[in-house]
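What follows is a set of notes on a single structure, which appears directly below.
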Amino acid sequence: MNINFRPLLPEDWDSIAEIYREGIETRNATFQTDVPTWESWDSAHLKTCRIVAIMENEIIGWAALTPVSGRCVYAGVAEVSVYVSTKHHGKKAGTKLLDKLIGESEKSGIWTLQSGIFPENLPSLKIHRNLGFRKVGIRKKIGKLDGKWRDTVLLERRSKITGA
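For the sequence shown, position 32 (counting from the first letter as 1) is numbered 345 according to our numbering, and the numbering increases by one without interruption.
Put into structure tokens, the structure is as follows:
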């Protein structure tokens with residue numbers, strides 16, 4: 314499977330939104346229950362480190378970073394989002410996307426990446442662990458989804474080259 318990567322562009326939004334919708338529908342990828350507008354998504358994510366994965370001229374996944382805080386002391390800390398189209402699960406696209414995102418984040422001066430993953434999302438937990446993320450802990454009942462309290466596993470990865 315040959316996957317190419319390029320920066321995510323505004324004109325990719327329809328494909329990105331559809332892949333995001335698929336993740337939302339699993340109820341194990343995000344607390345989000347509706348796909349946001351491009352404007353809302355765009356304003357919430359860093360302008361750098363936005364990547365799409367392309368296979369046979371089709372966007373099959375995307376990755377982006379969200380700042381964890383507006384305070385300057387946390388400028389090098391970001392939260393990871395990685396989504397892969399359901400028809401491409403199990404093909405290592407998520408691993409390749411996250412690996413690419415890690416490299417791009419380090420070029421952009423990010424020294425810590427973090428992820429909050431539902432404990433039921435075993436494939437995502439495995440991908441993150443395989444790429445050097447460590448479990449910080451469990452955030453018990455951190456938020457409600459569909460009226461039910463959910464936990465997340467908090468993972469982080471410190472760069473060995475940026476901010477070390």
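C-beta atoms are modelled at their ideal positions from N, C-alpha and C, and glycine is treated no differently. Every value quoted in this text rests on a predicted model; they were computed, and no experiment measured them.
Taking the CB atoms as reference points, tell me whether residue i and residue j lie closer together than 8 angstroms.
i, j, result
"G389", "T425", "yes"
"F446", "E417", "no"
"A366", "F318", "yes"
"L414", "C362", "yes"
"D459", "R334", "no"
"S398", "I440", "no"
Which two residues bound the contiguous beta strand (DSSP E) that contains residue i?
i, result
"N315", "Counting along the chain, N315 falls outside any beta strand (DSSP E), and DSSP gives it neither H nor E."
State the Cα-Cα distance for the pair residue i and residue j, rounded to the nearest angstrom.
i, j, result
"V348", "D327", "11 angstroms"
"K405", "I316", "10 angstroms"
"I337", "F344", "8 angstroms"
"P320", "R384", "26 angstroms"
"G450", "G429", "10 angstroms"
How would you write the range of the alpha helix (DSSP H) that residue i sits in, first residue to last?
i, result
"I335", "A small correction: the amino acid at residue 335 is Glu; Ile does not occupy that position in the sequence shown. Element bounds for E335: 326-339."
"I440", "435-443"
"K457", "Per DSSP, K457 belongs to no alpha helix (DSSP H); it is in the beta strand (DSSP E), 447-458."
Within its chain, find whatever has a CB closer than 6 angstroms to the CB of residue i; leave out the 5 residues flanking it on each side and keep chain order.
i, result
"I455", "T465"
So, at 8 angstroms on beta carbons, what are the nonlocal neighbours of residue i in its own chain, with the 5 sequence-adjacent residues on each side left out?
i, result
"I474", "E419"
Hey, which unbroken runs of the beta strand (DSSP E) at 3 residues or more fall wholly within the segment 344-372?
Runs found: 364-368.
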